[in-house]
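Protein chains in written order, with the working numbering: chain A, 582 to 859; chain B, 582 to 859; chain C, 582 to 859; chain D, 582 to 859; chain E, 582 to 859; chain F, 582 to 859.
Number of protein chains: 6
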Amino acid sequence: MSSSPKYQYENLKVHIYPEGVAHVELYRPKRLNAINEALVEDIRVCFNTLGQDSTIRAIILSGHGRTFTSGIDFKDNFLMKGEPDTDVARRAYTKRLHIEWFQSAMSALEKCPQPVIVAMHYGVYGVAVDLCTAGDIRYGTKDSFYTVKEVDLGLAPDVGTLQRLPKVIGSDSLARELCFTGRNMYADEAYKCGLISKLFDTKEEMIEDALKTARVIASKSPVAVVSSKHLLNYSRDHSVDEGLQYTAVWNSAMLQTEDIPKSIQGFMQKKPAHYSNL
Amino acid sequence: MSSSPKYQYENLKVHIYPEGVAHVELYRPKRLNAINEALVEDIRVCFNTLGQDSTIRAIILSGHGRTFTSGIDFKDNFLMKGEPDTDVARRAYTKRLHIEWFQSAMSALEKCPQPVIVAMHYGVYGVAVDLCTAGDIRYGTKDSFYTVKEVDLGLAPDVGTLQRLPKVIGSDSLARELCFTGRNMYADEAYKCGLISKLFDTKEEMIEDALKTARVIASKSPVAVVSSKHLLNYSRDHSVDEGLQYTAVWNSAMLQTEDIPKSIQGFMQKKPAHYSNL
Amino acid sequence: MSSSPKYQYENLKVHIYPEGVAHVELYRPKRLNAINEALVEDIRVCFNTLGQDSTIRAIILSGHGRTFTSGIDFKDNFLMKGEPDTDVARRAYTKRLHIEWFQSAMSALEKCPQPVIVAMHYGVYGVAVDLCTAGDIRYGTKDSFYTVKEVDLGLAPDVGTLQRLPKVIGSDSLARELCFTGRNMYADEAYKCGLISKLFDTKEEMIEDALKTARVIASKSPVAVVSSKHLLNYSRDHSVDEGLQYTAVWNSAMLQTEDIPKSIQGFMQKKPAHYSNL
Amino acid sequence: MSSSPKYQYENLKVHIYPEGVAHVELYRPKRLNAINEALVEDIRVCFNTLGQDSTIRAIILSGHGRTFTSGIDFKDNFLMKGEPDTDVARRAYTKRLHIEWFQSAMSALEKCPQPVIVAMHYGVYGVAVDLCTAGDIRYGTKDSFYTVKEVDLGLAPDVGTLQRLPKVIGSDSLARELCFTGRNMYADEAYKCGLISKLFDTKEEMIEDALKTARVIASKSPVAVVSSKHLLNYSRDHSVDEGLQYTAVWNSAMLQTEDIPKSIQGFMQKKPAHYSNL
Amino acid sequence: MSSSPKYQYENLKVHIYPEGVAHVELYRPKRLNAINEALVEDIRVCFNTLGQDSTIRAIILSGHGRTFTSGIDFKDNFLMKGEPDTDVARRAYTKRLHIEWFQSAMSALEKCPQPVIVAMHYGVYGVAVDLCTAGDIRYGTKDSFYTVKEVDLGLAPDVGTLQRLPKVIGSDSLARELCFTGRNMYADEAYKCGLISKLFDTKEEMIEDALKTARVIASKSPVAVVSSKHLLNYSRDHSVDEGLQYTAVWNSAMLQTEDIPKSIQGFMQKKPAHYSNL
Amino acid sequence: MSSSPKYQYENLKVHIYPEGVAHVELYRPKRLNAINEALVEDIRVCFNTLGQDSTIRAIILSGHGRTFTSGIDFKDNFLMKGEPDTDVARRAYTKRLHIEWFQSAMSALEKCPQPVIVAMHYGVYGVAVDLCTAGDIRYGTKDSFYTVKEVDLGLAPDVGTLQRLPKVIGSDSLARELCFTGRNMYADEAYKCGLISKLFDTKEEMIEDALKTARVIASKSPVAVVSSKHLLNYSRDHSVDEGLQYTAVWNSAMLQTEDIPKSIQGFMQKKPAHYSNL
């Protein structure tokens, strides 16, 4: 495990494993990983940078310390952006740009080409739900709980939960109840509804398993993995026919890859194939 | 509990609770709440009126008496609309307008800004399935059962089930089987597949719990709740990126609300905030 | 049971039941139903032909012999299509057309107007997952397992899995994990996540039950059944409001059917109605 | 010409011609047809009512007196809607509903099933441009001029101009220049760019010609005319393939009309066919 | 010029020029090219076949004899399809399939990868307008005239005019007037509104010029030409951002073509490049 | 006129006028403004920076020296990006990212909130057409000519022309002919088809007039102007109803601006209003 000089952030710890796995940890130890503007910007920059780093093939996101996060940092005046201006329209203009910046940080998990496994323990509050639904695969510990907290701050979630949560869990009734009431959803229910797809006794077991899955993904053809993520994102947002049409064009180039004969050869010779980076 | 003079309908009973909760009951005691044109029109008018009443913050819909409903009222010649005209095209024209009217009554639950909890017991037949899927949250008793009955009448459901059911339960295979066979789905399966998100022993317990949930919702910031419902509806029907863009514009105004400082102050002072109506 | 001369294929066995049920079996006994180009073309032609045959009201697809399929046939050089040409662009052009042909074969299950029940036992590998998600209802035996195998060949699935699987199982996290890792999903998990909606001890029980369900569907009004499938497909790919609008136009003609008075009369007289073919 | 008791409005004059043509005039003689809330509501109600009146087959909209309109009525505090509330979010909520009401009045021209010919003379300011672009066919006199005036009031047009004008005139560059500068476009340029499709020396000639065209339209099969308008609106807002699919469903009923054999018979016998109302 | 044995149709004459240009003529000399079912099917098959023939690089469509076409052939009972069945729903079902077949024949011009120049003289009635708007480039003689005739038959056009005409001419007002009134539009107006982009004194001059343009197109890189047509069709039906995204994927393969270095070399050496077929 | 230190680029000259107008000139004097990667990146950065500079209210883009541009710079190996990699799939992956970067530079004109006037003289080749169609308003001199040159390089345009040109000129037939043949379109035809909306004898007159228009725009309420551009872009890419809905939400905040009372007061007092920056 190396701590790449390329990935130094104030509020994130990044570990690069030689197999092409990056492990990103939320890291604000004094504030229980409370989410402030600086952390959001770090997430945005970190995942955009990882996304352009073809030596990285899979990513894990978890929280350092006692909890995934303690939620939004009230010391940071996030929600007051744009206030100085006295004109409502000008404030609205500034606020919209601010929300779009925030959204782009959460969406960085979705837009980065490599799969992102989000491994969560203890508290997953408010924007942390927005954040984790932008990942590809979600794991949780038995003591984890999930709270769409925005309603208790007097606002509707605006950085991803309302868009992605219902599609992630496939249960409209539950998604709405969580958003309207702000109640906690505990690990069992989160597992049952599919928000998390594996449940672990301890954080350590979870991280170990996440690493194992990440290594499996990192060992596969990056043409296959990156294409699958890209096309899954595209297809979620389009009709089946449009998804198929786009996929046909995409694969008209990608099927010309050397990874396919390599894979078949590996399969025939019963030896794992090794694929070069994208 | 008051019975508002504003909400008098032949086929619905409406109770207004002082906390801002409206409880609407299907009410055709002699016909086991069979759904006829007059009831459909009452639903349309009632939910449109509730939707414009900013003193109402959450709504419950249930069935008065022994069953949620006994299904469509065959004494009402619903399915014969447009028949008098002898020209097929002119009949089609009239029928389309009639279907659109009917759809608008079901969709009134979805379009009204406040969350709607549909609490169902015993029989939920045919159009009742269309109706309940247009609500936000669904509860059911252990003796409830759900039947997409249209196939047995020789028609495809046309007032919402085909659009909303697969999205609500997140299981295409099951939705299709129900629609093609017209079989009953009992409470356990309905709970397992997510059509209903809570299961109750008795109707009384269900109504009590629905009221409790409705009161919780009614106590929250109406800016937050109404925005969440509006944005959930919008986001279900658009790509993630389009949902995010629309949300950013929406919240550019909504984040300027007094409810946010009120909420934070309440949070700091550990006293529940009180929010004015929309 | 008759083996219609109309439905003779090298790689499929088709049985026509007098009740209007067609049972299609993948049939390459020497190759464990491995999927080659000829089989794909047979599927395309067979389901397009069934789709135009109004005497057929429901279809079952299963695998002859020991397994649903052993996956793609490596003896067939599927993945090398377009190779002879030396220009990358011209190869891409040819490959795109080839993928679109392949997609059209899988989508033939979805586009044929009658409901298709896919009944699977033992191995369901790679393109078999694409194939089964294009069906309407999926059944599986306890020894069945499902593998999104493409990643191990160095490519992203391009004939339906990425488009349909997440919508079928309603769990994004799981769908992505399966696509990225290529791991087996066994029958229990497939049942739990909704990929299959019934689980059977043996293949025989499964086929018997599938036939029973198919016969039930075949006994219903074809106007109702065919309309329901068509509108479910349409509504999956459109917003709720667009789905409703299209449905209203569709039913403006379909509600003028003789099947409705027939159904009501049957209902009144407690005798099953008999409906003529489409 | 009769002045139907069904069509009495404070701010509109409606003349019903026996051939099935309605002529609606903006009518606020003391205010040069300045557009206030009452007039907008009259437009909304009038066109919705006409839309349900199958004896009406074509509609003309023009302005009574010296000018089509003098623009928005500043005495009416349109732009201050929602102001009383002191909370920005609540004002935004009210304003949105108010804009949607206003939009629905303009769109009433587009949504009413019959073709609407808008015949304009002299000033066509601000919301009058929104209004006229919602019509089907536009005529103008040589002294007419068109001004997207909103920019000079400090706001973007929000009741239709930005949506429909570029599609109507097919020139993006010009549409943008008009919206950004608020300059007058005179009749010649309006004719050249296609905003109006006929140019007349006098208002009298224009009305006469509009009536002639309206009578021609009213003499045609209402199935054909109403279908064409409906499908043109739908197709403008969808891809070509989606427009074709919707049209095929629509016409599957409409081609069963008696108007087709009537038309063919009339054609053969060289006598005009007479069609009954929708 | 050769008359390819591959392109023999009863109602079309096809001439293949050695430069890769196909000239298709409507050919029913005894019926003035009246459009019947057999001709429609010939168009469908012919353009689908041409679309798969990579030796063909550009296509011209014109009418043999005195007129482009005399319109729909009333001797053919096109509009009576589906009539035998007595049930309205079953007739509607058949009619929809028939319309979709007809649409697919018209759309064959749009879907075939090569550019299609439609060269028209004298009468262009009814479905001929549907047909020509599915082409890429339209030329006309000074004696040509264009009539959206469907309204006079009691139906809305359903094979392309309502979808494509407004997009082709960029004038909504004019498109609607033509559809509602069924009036003739003569060559000058057709040229002015952009329906045709060149105007010719005689049919001979027109065909000669069309051939010249077709030869120019046929001499270009087929990768460039076929990609441009495909992407123009796609972009017309999607947002600018979606069009750009799809184009980027498409060109990620196409930019690897040998045609680019060939083109640059030709440019440098001032010699025309020669490109191999697709 | 000041040359802001904030806007220093190697290949662009930027002049800032005190009224809030920025004049950007393509500036590669030794290469006749040939477009290379460095210039594209300068455009991307410059327009993104201008877009965030609220002191700028309108922008002009023109070409320094003898011609707008001489087209793509063949000395720059644009079209060879991604070549080093030997795997087709990996090259395709790199090329797609490169095209997306290039597209984002062109789209920077469209995405920047202020209106952009593109003033063109003499040659407007290849990517220059992509570039100018991303602007809001286009002016041209009588000696200007426009060439969709990509076809002669063996590729389809991929940075905007195929998406925007047909929507800008509203003539599908012409757009396709230009793309397939690569012929020059001279100023007169460009004016007639609406590609440019004003025609000038000399470059000097054109720049003067562009500055005049830009100053007019800069004097208007920036809330009104920026909202109009944003909503025109949105509405071009959505259905009319979706455009209206989005506009209503947008203006629910923007109508609360101080610019409206300022405007009305200015109007009443017949004195121009002064608006603060966004």
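No residue lacks a Cβ here, since even glycine has one placed at the ideal position from N, Cα and C.
Here the structure is a predicted model, which is why all the values come from computation and not from measurement.
Top-ranked residue by Cα proximity to residue i, from the options
{"i": "residue 714 of chain B", "options": "B:667, B:692, B:857, B:655", "result": "B:692"}
{"i": "residue 615 of chain D", "options": "D:769, D:592, D:604, D:637", "result": "D:592"}
{"i": "residue 763 of chain F", "options": "F:623, F:844, F:855, F:736", "result": "F:736"}
{"i": "residue 594 of chain C", "options": "C:600, C:624, C:617", "result": "C:624"}
{"i": "residue 639 of chain A", "options": "A:694, A:834, A:650", "result": "A:694"}
{"i": "residue 842 of chain A", "options": "A:830, A:855, A:831", "result": "A:855"}
{"i": "residue 622 of chain D", "options": "D:687, D:599, D:750", "result": "D:687"}
{"i": "residue 768 of chain B", "options": "B:729, B:725, B:628", "result": "B:725"}
{"i": "residue 689 of chain F", "options": "F:802, F:811, F:785", "result": "F:811"}
{"i": "residue 647 of chain F", "options": "F:631, F:821, F:606, F:834", "result": "F:606"}
{"i": "residue 813 of chain E", "options": "E:831, E:801, E:800, E:802", "result": "E:831"}
{"i": "residue 815 of chain D", "options": "E:588, E:587, E:653, E:745", "result": "E:745"}
{"i": "residue 785 of chain E", "options": "E:720, E:626, E:709", "result": "E:720"}
{"i": "residue 708 of chain D", "options": "D:653, D:667, D:723", "result": "D:653"}
Contact belief for residue i with residue j at Cβ below 8 Å, rounded distance in angstroms
{"i": "residue 797 of chain C", "j": "residue 859 of chain C", "result": "With a Cβ gap of about 18 Å, residue 797 of chain C and residue 859 of chain C do not count as contacting."}
{"i": "residue 863 of chain A", "j": "residue 738 of chain A", "result": "Here chain A covers residues 582 to 859 and nothing more, so residue 863 of chain A does not appear."}
{"i": "residue 697 of chain E", "j": "residue 642 of chain E", "result": "6 Å"}
{"i": "residue 657 of chain C", "j": "residue 629 of chain C", "result": "Not quite, the Cβ-Cβ distance comes to about 21 Å (not below 8 Å), so this is no contact."}
{"i": "residue 734 of chain F", "j": "residue 845 of chain E", "result": "7 Å"}
{"i": "residue 671 of chain B", "j": "residue 837 of chain C", "result": "That belief does not hold up - the Cβ atoms of residue 671 of chain B and residue 837 of chain C are roughly 11 Å apart, past 8 Å."}
{"i": "residue 833 of chain D", "j": "residue 680 of chain E", "result": "7 Å"}
{"i": "residue 759 of chain A", "j": "residue 740 of chain A", "result": "Residue 759 of chain A to residue 740 of chain A, Cβ: 16 Å. No contact."}
{"i": "residue 805 of chain B", "j": "residue 731 of chain A", "result": "7 Å"}
message: Between the region 820 to 830 of chain B and the region 770 to 778 of chain A, can you find at least three pairs of beta-carbon atoms closer than 8 Å?
response: no
query: Would the region 700 to 712 of chain B and the region 791 to 809 of chain C be scored as touching if the rule is three or more Cβ pairs under 8 Å?
result: no
message: Restricting to runs no shorter than 3 residues, where is the beta strand (DSSP E) found entirely within the region 614 to 700 of chain A?
response: 639 to 644
- request: Give, in chain order, every unbroken run of the beta strand (DSSP E) that is at least 3 residues long and sits entirely within the region 775 to 803 of chain C.
  value: 779 to 781
- prompt: Is the number of C-beta pairs between the region 666 to 677 of chain B and the region 609 to 625 of chain B that are closer than 8 Å three or more?
  reply: no
- prompt: Quick one, which residues of the region 714 to 737 of chain E are near chain F if we go by CB-CB under 8 Å, in chain order?
  reply: 717, 718, 719
- request: For the region 827 to 849 of chain D, enumerate the residues whose C-beta is nearer than 9 Å to any C-beta of chain C, in chain order.
  value: 827, 830, 831, 833, 834, 835, 837
- prompt: Which runs of the alpha helix (DSSP H) fall wholly inside the region 818 to 859 of chain B and span at least 4 residues, in chain order?
  reply: 821 to 835, 840 to 850
query: Which full runs of the alpha helix (DSSP H) of 4+ residues lie inside the region 695 to 741 of chain A, going along the chain?
result: 708 to 714
message: Please identify, using Cβ separations under 8 Å, the residues of the region 679 to 707 of chain C that lie next to chain A, in order along the chain.
response: 680, 681, 684, 688, 691
message: Residues of the region 798 to 825 of chain B in Cβ contact with chain E at a cutoff of 8 Å, in chain order, please.
response: none
- prompt: Using Cβ-Cβ distances below 7 Å, what residues of the region 643 to 654 of chain B are close to chain C?
  reply: none
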